[in-house]
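Asker:
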Amino acid sequence: MSFSYDAKYEVADSDLPSELCCARAELAGIVRTCGKIEPDYTIILTTEIENLYKRVCGLIKELYKQDGDLKLTQTEKPNHSIKFNITFPQSLSEKILKDIFVLRQNYAGVWEIHENVSRFLIEKDCCQRSFIKGVFMGCASANIVIKDINNLKKHTGGYHLEFVFSSHTLAGDFSHILSQYDIYSKMMQRKKLTVVYIKEAEIVSDVLALVGANNAVLTLQNEFAVREVRNQLNRQLNCMNSNLEKMVEASLKQISAIEYISKTVGLESLSENLYELCMLRLANPNETLENLAKLMNPPLTKSGINHRLRKIVKYAEDLKKQNE
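Taking the numbering used here, I'd label the letters of the sequence shown as residues -9 to 314.
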């Protein structure tokens, strides 16, 4: 299963709210995100989280002291994913819509569907948190991939968490509610939908903590650490490979210069110190400058060896120019 599925399943499996106002706010968050309202005001929820059915039944029993007679069906999508449909009785649907301030009377006394979140629904902090929890279960998704800890390959995926709304007004209200907890999100249009999204890893973790997805928070924090170690190892390996490539390239250039001198004017034309170094480099083509310095008699420093090799390369280049 995906990371977002596990997180939503965890939240749906948590304890029900202890206060009726919070139960109402949470139910509102669920209905307003994964719910469809039919012309006769019947509510149909569509979700991939099967245990949301049990959650909603529990909320209704807490609020209305009845089971609700919700109907659960499932359908298989072309991509083989399973969707669960939860259908409310029409009489209960209408009552819920009025209680969560979706169905309200206008000045003329006519009942209308309202898209904005009523302030009466989220007057208290606990109700705001419950509403966010309901929205999370209803429409949250994430592209976060939790990789095996033994996989050293650098993971370039980000920490994208998003909430998809059919109403731009509702999306704006939700974004504002998140900002009350210093969770600042962005909004974008995706065809006819409005998406509220977060890309910063720590803020994604804050959202998960806010809705009570504690296991998901721990999983994400562990992923932060694993990615950092993995990326650090990759940086070190890349640095080592880069240094090795440079060393091999330099060694080939030095050997090529030595061979050119040998074929043209002979290595005997060099000073004793440079002659000795040429023979040493030809005998040890893969050695580092540090090791070559130790093999010299008497031993030299790395900078000393490097200086002499540059003189040899420069001498070969000057010979080539003379012979052109």
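For glycine and all other residues, C-beta sits at the position ideal for the given N, C-alpha and C.
Consult DSSP for Glu102 and reduce its assignment to one of helix, strand or coil.
Answerer: It is a strand residue.
Asker: If Met127 and Ala2 are in contact, beta carbons under 8 Å, what's the gap, nearest whole angstrom?
Answerer: Rounded, the Cβ-Cβ distance is 5 Å, consistent with contact.
Asker: Who are the near neighbours of Ala247 in its chain, counting only those whose CB is closer than 8 Å to its CB and skipping five residues on each side?
Answerer: Same-chain partners within the cutoff: Ile302, Val303, Tyr305, Ala306 and Glu307.
Asker: So, is Ala273 buried or exposed, given that buried needs 16 or more other C-beta atoms within 10 angstroms?
Answerer: Ala273 should be labelled exposed.
Asker: From which residue to which residue does the alpha helix (DSSP H) around Lys55 run?
Answerer: It is not in any alpha helix (DSSP H) - Lys55 carries neither H nor E in the DSSP assignment.
Asker: Per the DSSP calculation, Leu183 is bridged to which residue(s)?
Answerer: Answer is Arg180.
Asker: Please name the residue in Thr291, Glu192, Leu285 and Leu42 whose C-alpha comes closest to that of Lys73.
Answerer: Comparing Cα-Cα distances from Lys73 to each of Thr291, Glu192, Leu285 and Leu42, the minimum goes to Leu42.
Asker: Under a Cβ-count criterion, where at least 16 other Cβ atoms within 10 Å of its own Cβ denotes burial, should Ala98 be classed as buried or exposed?
Answerer: Counting Cβ neighbours within 10 Å, Ala98 comes out exposed, since fewer than 16 surround it.
Asker: Taking its Cβ as the centre, do 16 or more other Cβ atoms sit within 10 Å of Lys26, making it buried, or is it exposed?
Answerer: It is exposed - the Cβ of Lys26 has fewer than 16 other Cβ atoms within 10 Å.
Asker: Quickly, what does DSSP pair Ser131 with across the bridge? List them, please.
Answerer: Answer is Glu152, bridged to Ser131.
Asker: Should the region 15 to 23 be regarded as contacting the region 110 to 128, the criterion being three or more beta carbon pairs within less than 8 Å?
Answerer: Flag = yes, the region 15 to 23 and the region 110 to 128 touch.
Asker: Closest by CA to Met178, which one among Ala(-3), Lys243, Pro29 and Val154?
Answerer: Residue Val154 is the option with its Cα nearest to Met178.
Asker: At which residue ranges does the region 169 to 228 contain complete beta strand (DSSP E) runs of 3 or more residues, listed in the order of the chain?
Answerer: Counting only runs of 3 or more, we get 176 to 180 and 183 to 188.
Asker: Taking the straight line between their C-alpha atoms, what separation do you get for Ser4 and Arg94?
Answerer: Going from the Cα of Ser4 to the Cα of Arg94 covers about 31 Å.
Asker: Identify, in the order they occur along the chain, each residue of the same chain with its Cβ nearer than 7 Å to the Cβ of Ile193, setting aside the five sequence neighbours on each side.
Answerer: These residues qualify, in order along the chain: Ile173.
Asker: Taking only the alpha-carbon atoms, compute the straight-line gap between Ser(-8) and Met237 and give it to the nearest angstrom.
Answerer: Distance between the alpha carbons of Ser(-8) and Met237: 45 Å.
Asker: Following the continuous beta strand (DSSP E) through Asn41, name the residue where it begins and the one where it ends.
Answerer: From DSSP, Asn41 is part of no beta strand (DSSP E); its letter is neither H nor E.
Asker: Cutting at 7 Å between CB atoms, please list the residues of its own chain near Asp30, excluding the five before and the five after it.
Answerer: Closer than 7 Å at Cβ, skipping near neighbours: Gln80.
Asker: With a threshold of 16 other CB atoms inside 10 Å of the CB of Thr254, please say whether the residue is buried or exposed.
Answerer: Counting Cβ neighbours within 10 Å, Thr254 comes out exposed, since fewer than 16 surround it.
Asker: Would you kindly work out how many angstroms separate the C-alpha atoms of Leu242 and Glu277, rounded to a whole number?
Answerer: So the two alpha carbons sit approximately 11 Å from each other.
Asker: Which of the three DSSP states is assigned to Arg109 in this structure?
Answerer: Of the three classes helix, strand and coil, the one that applies to Arg109 here is coil, per DSSP.
Asker: Would you kindly report the start and end of the unbroken beta strand (DSSP E) that includes Asn75?
Answerer: Note, Asn75: beta strand (DSSP E), Ile72 to Thr77.
Asker: Under three-state DSSP, which class holds Lys311?
Answerer: The answer is helix: DSSP assigns Lys311 an H, G or I state.
Asker: Could you name the residues of the same chain whose beta carbon sits closer than 6 Å to that of Asn106, not counting the 5 residues immediately before and after it, in chain order?
Answerer: Correct list, in chain order: Thr159 and Asp163.
Asker: May I ask you to report which of helix, strand or coil DSSP gives Glu322?
Answerer: The structure shown does not extend to residue 322, since the chain spans only -9 to 314, so no value can be given for it.
Asker: For the alpha helix (DSSP H) that Lys88 lies in, which residues bound it at each end?
Answerer: First-last of the alpha helix (DSSP H) with Lys88: Gln80 to Asp89.
Asker: Could you give the DSSP three-state label for Ile136: helix, strand or coil?
Answerer: Three-state result, Ile136: coil.
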